[in-house]
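Residue numbers (UniProt numbering): 1 to 94.
A virtual CB, placed ideally from N, CA and C, is assigned to each residue, including glycine.
Worksheet: the structure to be examined is printed underneath.
This is the structure:
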């Protein structure tokens, strides 16, 4: 029997929002005007988990440069929000 007639397994889930099974999600693709590729940290599924090591390390650097202190026991979402804010404050933002 040919592999073409098999039903998709969980690794073939369509995350593009389309019904076209041949449409694959692409990183780096242009985003339609008015849309954003970024998800609000408050909407993250893992946003309530503790901040990652790399987030804490980068936040430590940014906070020192900005002359601020940030609690170490923050969530991933809170860390992301602080990083965005401090990048703007320190001029490290893109």
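Contact under 8 angstroms by Cβ, residue i with residue j
i	j	result
residue 66	residue 46	no
residue 59	residue 79	yes
residue 24	residue 51	no
residue 54	residue 81	no
Residue span of the alpha helix (DSSP H) that contains residue i, given as start and end
i	result
residue 88	76-90
residue 63	53-66
Backbone secondary structure at residue i - three-state DSSP
i	result
residue 41	helix
residue 71	coil
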